[in-house]
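**Q**
2 protein chains.
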Amino acid sequence: MNAIEQLARDARLASVSLQSVTNEQKNEALLRIKQVLAERKQDIFKANEKDKELAEVQVNAGKLSGSLFKRLDICNGDKFETILSGVSDITKLDDPTKKVTMATKVDTDLALYRVTVPVGVLLTIFEARPEVVVNISCLALKSGNAVILKGGKEATHTNAILASVIQDALSSLPDSNPIPKTAVQIVETREDISALLDLDRYVDMVVPRGSNSLVKYIQNNTRIPVLGHADGICSVYLDKEADVIKATRIVVDAKTNYPAACNAAETLLVHEDLLKTDAFAKVAQGLLDAQVTLKCDSVSQTYLQTRYGDNEQYKTKLESAVEEDYSTEFLDHIIAVKVVGDVSDAVEHINDHGSKHTDSIVTENAATADYFMTRVDAAGCYWNASTRFADGFRYGFGAEVGVSTNKTHARGPVGLEGLVIYKYRAYGNGNIAGDYGTGKKPFLHDPISPSDYHL
Amino acid sequence: MNAIEQLARDARLASVSLQSVTNEQKNEALLRIKQVLAERKQDIFKANEKDKELAEVQVNAGKLSGSLFKRLDICNGDKFETILSGVSDITKLDDPTKKVTMATKVDTDLALYRVTVPVGVLLTIFEARPEVVVNISCLALKSGNAVILKGGKEATHTNAILASVIQDALSSLPDSNPIPKTAVQIVETREDISALLDLDRYVDMVVPRGSNSLVKYIQNNTRIPVLGHADGICSVYLDKEADVIKATRIVVDAKTNYPAACNAAETLLVHEDLLKTDAFAKVAQGLLDAQVTLKCDSVSQTYLQTRYGDNEQYKTKLESAVEEDYSTEFLDHIIAVKVVGDVSDAVEHINDHGSKHTDSIVTENAATADYFMTRVDAAGCYWNASTRFADGFRYGFGAEVGVSTNKTHARGPVGLEGLVIYKYRAYGNGNIAGDYGTGKKPFLHDPISPSDYHL
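Sequences listed follow chains A and B, in order. Okay, so the first sequence: first residue is 1 according to our numbering, each after it adds one. Okay, so the second sequence: first residue is 1001 according to our numbering, each after it adds one.
1. Does residue 1004 of chain B come within less than 9 Å of chain A when only Cβ atoms are used?
2. Give the interface partners of residue 422 of chain A over in chain B, defined as CB-CB distance under 7 Å, in chain order.
3. Relative to the alpha-carbon of residue 1372 of chain B, which residue among B:1200, B:1415, B:1453, B:1235 has its alpha-carbon at the smallest distance?
4. Rounded to whole angstroms, what is the Cα-Cα separation between residue 1195 of chain B and residue 1303 of chain B?
5. For residue 1390 of chain B and residue 1250 of chain B, I'd like the C-alpha separation in whole angstroms.
6. Tell me which same chain residues have a C-beta within less than 7 Å of the C-beta of residue 11 of chain A, skipping the five on either side of it?
7. Alpha carbon to alpha carbon, what distance is there between residue 1408 of chain B and residue 225 of chain A?
8. Quick test of your reading: residue 1241 of chain B and residue 1364 of chain B, contact by CB under 8 Å. State the CB separation rounded to the nearest angstrom.
9. May I have the straight-line CA-CA distance separating residue 1009 of chain B from residue 1003 of chain B, to the nearest angstrom?
10. If I'm right that residue 200 of chain A touches residue 119 of chain A with Cβ under 8 Å, what's the distance once you round it to whole angstroms?
11. Is it true that the segment 1043 to 1052 of chain B meets the segment 1159 to 1166 of chain B, where meeting means three or more beta-carbon pairs spaced less than 8 Å apart?
12. Under a Cβ-count criterion, where at least 16 other Cβ atoms within 10 Å of its own Cβ denotes burial, should residue 401 of chain A be classed as buried or exposed?
13. Could you pull the DSSP bridge partners for residue 185 of chain A from this structure?
14. Under a CB-based cut-off of 9 Å, is residue 389 of chain A close to chain B?
15. Within 10 angstroms of its Cβ, does residue 1007 of chain B collect 16 or more other Cβ (buried), or is it exposed?
16. Classify residue 454 of chain A: buried if its beta carbon has 16 or more other beta carbons within 10 angstroms, exposed otherwise.
17. Taking the alpha-carbon positions, what's the residue 1316 of chain B to residue 1153 of chain B distance?
18. Consider the Cβ of residue 373 of chain A: report whether some Cβ of chain B lies at a distance smaller than 9 Å.
19. Under 8 Å, with one C-beta from each stretch per pair, do the segment 1129 to 1148 of chain B and the segment 1424 to 1443 of chain B reach the 3-pair mark?
20. For residue 252 of chain A and chain D, any beta-carbon pair shorter than 9 Å?
21. If we count Cβ pairs, one from each stretch, closer than 8 Å, do we get three or more for the segment 1256 to 1275 of chain B versus the segment 1077 to 1085 of chain B?
22. Grab me the residues of residue 123 of chain A's own chain with a C-beta within less than 6 Å of its C-beta, minus the 5 sequence neighbours each way, in chain order.
23. Counting C-beta neighbours from all protein chains within 10 Å, is the total for residue 1014 of chain B 16 or more, i.e. buried, or is it exposed?
24. In the DSSP assignment, what are the bridge partners of residue 1075 of chain B?
25. Sort A:65, A:227, A:66, A:113 by Cα distance to residue 406 of chain A and report the nearest one.
26. Closest by CA to residue 1144 of chain B, which one among B:1097, B:1312, B:1113, B:1172?
27. For chain B, is any of its Cβ atoms less than 9 Å away from the one on residue 205 of chain A?
28. Residue 34 of chain A: which of A:257, A:169, A:382, A:231 sits nearest, CA to CA?
29. Cβ atoms of residue 37 of chain A and residue 106 of chain A: under 9 Å apart, would you say?
30. Let me know if residue 1057 of chain B comes out buried or exposed under the rule of 16 or more other beta-carbons within 10 Å of its beta-carbon.
31. Counting Cβ pairs closer than 8 Å, one from the segment 422 to 431 of chain A and one from the segment 125 to 133 of chain A, do we hit at least three?
32. Classify residue 446 of chain A as buried or exposed, calling it buried when 16 or more other Cβ atoms lie within 10 Å of its own Cβ.
33. At a Cβ cut of 7 Å, what residues of the segment 1425 to 1440 of chain B count as close to chain A, listed as they run along the chain?
34. Once you ignore the five residues that flank residue 1050 of chain B on each side, which residues in its own chain have a CB closer than 7 Å to its CB?
35. Determine the direct distance from the alpha carbon of residue 285 of chain A to that of residue 309 of chain A, and round the result to whole angstroms.
36. Closest Cβ-Cβ distance between residue 1225 of chain B and chain A: below 9 Å?
Following this line, the structure appears as structure tokens:
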């Protein structure tokens, strides 16, 4: 067994110990982590300074962006205190494990329970933000999972010390607390990741946090289930019965509230009837005033040229779309615009081009909204609301593990519930299958009420 | 777009139509399928005879097993009537879609619902049993999924006519029923499967039903989530506080009730203390009397040789185990036997060698049972019950899509619930994210009671 296999096996063994911990023990561990992080603040800052010095050379050489450098910094302002309070926030969340989701009396003396349990071992791969080490370790522990972390190389020193402080905190727990320090481990090289992505016997789920290319690389190189999303190609469809004021507010918010987010709108679909009046012109004006470039199909471009072709400020922001624009995540002040014949065209466009993330319809017609929300195949289908609401905190989950565009397990913004699965626990009295069936004992299959649970 | 891509896209479009169907419309389709199957019985039998003739040549040439030939036959006895009544049984199941599993008032005028929806497009690959065409098509339809089927080549004619009859039934539905005939499609070649396993943009889940090697091939050749299991390596652990009568009944049932099933026991772990008395000898005798061969580690072999070495009938069934036997699915009257020091050794052995399917402990000690059931990482963890209960019908699901050893989405015996996922539907009034946050509007995050649902 090589070193990386040993590390993965240690994570698996840690996950077995984690199956039996109580919510109190998990919270005890989290508060201990918070305490030791605070105690070791100077060491952590020293490591972060080292990463920043090395990164500064890269920035000056034009090899690293300023925004990435900024994300690396955990010493600035109240950033470190925010990380610490994030840890105690997680203690307040509901324990997602040990919940009975089904209970059946198979026979008078055979009880069957479906109970939520941790998924097991998580592998998290992320980019520059070192605070992910703390955040994801705490989310993993709170849900009873062991975690293996791999951060961006720019934050190597910071990531290493954060992981080591967390391990120290776990090591210093009282003997009564069974959480081992191997519940949180860190690896540093691409080769380690490549090896771990093959170890589906030890790793149960990969949670990538980062760029489209990172997520795609992982999805294409492992059999292990990946929780996350590569693209966020969200659309807003303006129906012929759209309220123009709502439409403008929603489209501008969806595009410009935070264009780099996965829940920002990238495509605007417009019912052709809105081009027979001023309606679409008003929505477009809202976008143009917010410095958004519109990549238009020919119909919408002709319409907008007629309206705004003489406006020096606006006309430079009106461009022709190419087919690829409708499958592009711009992550910028750019939106692709297409005119459609009706809601069914809009649904077809979205199901063909979208990324199953979040799509919104603006209409005053409830039946049209229902048609859209029922048929669009996306984690979030909204009526008269901005796509930007697709977020674990906005949904009220208290934490967000990620946003999933998968069709199985967990979809949309994922809270702690996405890190658990269930097992069946059966309590018998020597029961054998051979006693049941035609001409033998029948099955009862009666529900067991919570007051009669025997677990 | 080539033919197979077109077929997959047709399935995707059918799945969009299926999103809106009611339970009544789904049941109408199922009953129509049952009716047309009955009407076309002679054509179906003719096709089945053709397959059987061709298969008989293969059997005589020693290229096909008798049991496979038997599974091919749907004309024999009341087999066809059983298939038909299976269809109407599915109409009686609860509709797994349109269930609200979360409802939150994000703000006074922004309601968020999590609602179950079909997964989308299923690809089912199975071996000789042609009735799977009918069964899986009906389970897919009942859960609102489109399905693409690929059966074993021995049943080509039968599979083709069954799929075509189902399509005819769907085509003959009244116009008010929106289920298209492309909701059920069939492909015939390995090349088609190979192409479909790449089409993750159209296919959402693969449900293989068949041999270990079939499932492993699929798991290793697609990014699409696979619902199922390759191995069923189930263990029974006899604790030092095991009741000998229960132990014998459970072990013999788990091994011999149906040895070819994935939930049959393949490994017997025995606490060393049971070798200090007659206890293990009695259990072993039960297995030997049931014609089971015991592949023993040295400790158990020495013990059993001492007891039964003089018994001509028994001693031929006592063999030495090799390491590989503890990771082997015998699917036969063979069981691997290992003596362990305590329950923690048993847990470690199972977590290292098992297939996360179903494992059972026999003990009178509730704390030991809880230790085992909490720490064994398997879909089913049983106390004093045979592993053979791991089955959708025995669990009371009314139907079984398959048994999953996955750690995500669906685990253990999977009923219709395993074929659905959820989406978030938000109902707003022009709400934008920019209105909320520090210094702006707060989120409410109040639960909505079912009587206030507005969907």
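All residues carry an ideal CB built from backbone N, CA and C; glycine is no exception.
**A** A quick look at the data gives this:
1. Position 4 of the second sequence, counting from 1, holds the residue named residue 1004 of chain B. Not closer than 9 Å to any Cβ of chain A, the Cβ of residue 1004 of chain B fails to qualify, so no.
2. Here residue 422 of chain A corresponds to residue number 422 of the first sequence, with the count starting at 1. Residues of chain B passing the Cβ test: 1411.
3. Here residue 1372 of chain B is taken as the residue at index 372 of the second sequence, counted from 1. If we check each option's Cα against that of residue 1372 of chain B, B:1235 comes out closest.
4. Here residue 1195 of chain B refers to the residue found at position 195 when the second sequence is read from its first residue. Here residue 1303 of chain B refers to the residue found at position 303 when the second sequence is read from its first residue. Going by the C-alpha atoms only, they are around 55 Å apart.
5. For the purposes of this step, residue 1390 of chain B is taken as the residue at position 390 of the second sequence. For the purposes of this step, residue 1250 of chain B is taken as the residue at position 250 of the second sequence. Straight-line measurement puts the Cα of residue 1250 of chain B at about 13 Å from the Cα of residue 1390 of chain B.
6. Residue numbering aside, residue 11 of chain A sits at position 11 when the first sequence is read from its first letter. Contacts found: 121, 146, 148, 182, 185, 202.
7. Along the first sequence, read from residue 1 onward, the residue named residue 225 of chain A stands at position 225. Along the second sequence, read from residue 1 onward, the residue named residue 1408 of chain B stands at position 408. If you take the alpha carbons of residue 225 of chain A and residue 1408 of chain B, they lie about 7 Å apart.
8. Reading the second sequence from its first residue, position 241 is the one you call residue 1241 of chain B. Reading the second sequence from its first residue, position 364 is the one you call residue 1364 of chain B. Cβ-Cβ separation between residue 1241 of chain B and residue 1364 of chain B: approximately 5 Å, consistent with a contact (criterion under 8 Å).
9. Taking the first residue of the second sequence as position 1, residue 1009 of chain B is located at position 9. Taking the first residue of the second sequence as position 1, residue 1003 of chain B is located at position 3. Rounded to whole angstroms, residue 1009 of chain B and residue 1003 of chain B show a C-alpha spacing of 10 Å.
10. Along the first sequence, read from residue 1 onward, the residue named residue 200 of chain A stands at position 200. Along the first sequence, read from residue 1 onward, the residue named residue 119 of chain A stands at position 119. For residue 200 of chain A against residue 119 of chain A, the beta-carbon gap comes to about 13 Å, at or over 8 Å, which does not count as contact.
11. Yes: at least three Cβ pairs fall under 8 Å.
12. Residue 401 of chain A sits at position 401 when you count from the first residue of the first sequence. Burial call: buried.
13. To locate residue 185 of chain A, count along the first sequence from 1; it is residue 185. Under the DSSP definition of a beta bridge, residue 185 of chain A partners with A:148.
14. Numbered from 1 along the first sequence, position 389 holds the residue referred to as residue 389 of chain A. Proximity of residue 389 of chain A to chain B, defined by a Cβ-Cβ separation below 9 Å, is satisfied.
15. To locate residue 1007 of chain B, count along the second sequence from 1; it is residue 7. Looking at its Cβ environment, which holds 16 or more other Cβ atoms inside 10 Å, residue 1007 of chain B is buried.
16. Here residue 454 of chain A refers to the residue found at position 454 of the first sequence. With a threshold of 16 other beta carbon atoms within 10 Å, residue 454 of chain A falls short and is exposed.
17. The residue given as residue 1316 of chain B occupies position 316 in the second sequence. The residue given as residue 1153 of chain B occupies position 153 in the second sequence. Straight-line measurement puts the Cα of residue 1153 of chain B at about 40 Å from the Cα of residue 1316 of chain B.
18. Against the first sequence, residue 373 of chain A aligns to sequence position 373. For residue 373 of chain A, the answer is yes, since a Cβ of chain B falls inside 9 Å of its Cβ.
19. In short, these stretches do not touch, since the Cβ pair count stays below three.
20. In the structure shown, chain D cannot be found, because the protein chains are A and B.
21. No contact exists between the segment 1256 to 1275 of chain B and the segment 1077 to 1085 of chain B.
22. Taking the first residue of the first sequence as 1, we reach residue 123 of chain A at position 123. Cβ contact annotation for residue 123 of chain A (same chain, cutoff 6 Å, sequence separation greater than five): 148, 196, 203, 206, in chain order.
23. Within the second sequence, numbered from 1, the residue matching residue 1014 of chain B stands at position 14. Under the 10 Å beta carbon count, residue 1014 of chain B is surrounded by 16 or more other beta carbons and is classified as buried.
24. Against the second sequence, residue 1075 of chain B aligns to sequence position 75. Beta-bridge annotation (DSSP): residue 1075 of chain B is not paired with any residue.
25. Looking up residue 406 of chain A in the first sequence gives position 406. Ranking A:65, A:227, A:66, A:113 by Cα distance to residue 406 of chain A puts A:227 first.
26. Position 144 of the second sequence, counted from the start, is the residue given in the question as residue 1144 of chain B. Here the closest residue by C-alpha is B:1097.
27. Position 205 of the first sequence holds residue 205 of chain A. Under the Cβ distance rule, residue 205 of chain A counts among the residues neighbouring chain B, one pair being separated by less than 9 Å.
28. Translated into positions along the first sequence, residue 34 of chain A becomes position 34. With respect to the C-alpha of residue 34 of chain A, the residue from A:257, A:169, A:382, A:231 having the closest C-alpha is A:169.
29. If you number the first sequence from 1, residue 106 of chain A lands on position 106. If you number the first sequence from 1, residue 37 of chain A lands on position 37. No, the Cβ-Cβ distance between residue 106 of chain A and residue 37 of chain A is not below 9 Å.
30. Position 57 of the second sequence holds residue 1057 of chain B. Around the beta carbon of residue 1057 of chain B, fewer than 16 other beta carbons sit within 10 angstroms, so the residue counts as exposed.
31. Pairwise C-beta distances place the segment 422 to 431 of chain A out of contact with the segment 125 to 133 of chain A, as fewer than three of them are shorter than 8 Å.
32. On the first sequence, position 446 is the one that residue 446 of chain A refers to. It counts as exposed.
33. Look at the segment 1425 to 1440 of chain B: the residues with a C-beta under 7 Å from a C-beta of chain A are 1425, 1426, 1427, 1428, 1429, 1430, 1431, 1432, 1433, 1434.
34. For the purposes of this step, residue 1050 of chain B is identified with residue 50 of the second sequence, where counting begins at 1. Closer than 7 Å at Cβ, skipping near neighbours: 1157.
35. Counting from 1 along the first sequence, the entry for residue 309 of chain A is found at position 309. Counting from 1 along the first sequence, the entry for residue 285 of chain A is found at position 285. Cα to Cα, the separation comes out at about 12 Å.
36. Position 225 of the second sequence, counted from the first residue, corresponds to residue 1225 of chain B. Yes, because at least one Cβ of chain A sits closer than 9 Å to the Cβ of residue 1225 of chain B.
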